[in-house]
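Trainee:
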Amino acid sequence: MGLFWDLIQQSEIENQKNKAASLEQRVADLEHELEKTQDLLLRTLRVLEERSGQDIDNDGVIG
């Protein structure tokens, strides 16, 4: 019975390791996607400011 229980525990440990690695990868992917989204937002804001001639984000600079 002890060997069987050890195998079950080892299997559960491996499952948890895989879930943790998967979660870390998902977080890394989300951070990368956020960075790309923020970059796109800033580029869009610059174009809007240049075309409208207004300081939309109140940073004191147009564009």
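Under the numbering used here, the letters of the sequence shown match residues 1267 to 1329, in that order.
Even for Gly, the Cβ is constructed at its ideal location relative to N, Cα and C.
1. DSSP three-state call for Q1320: helix, strand or coil?
2. Grouping DSSP H, G and I as helix and E and B as strand, with all else coil, what is I1279?
3. From K1283 to R1292, what does the alpha carbon distance come to, in whole angstroms?
Mentor: Considering the structure as presented:
1. coil
2. helix
3. 14 Å
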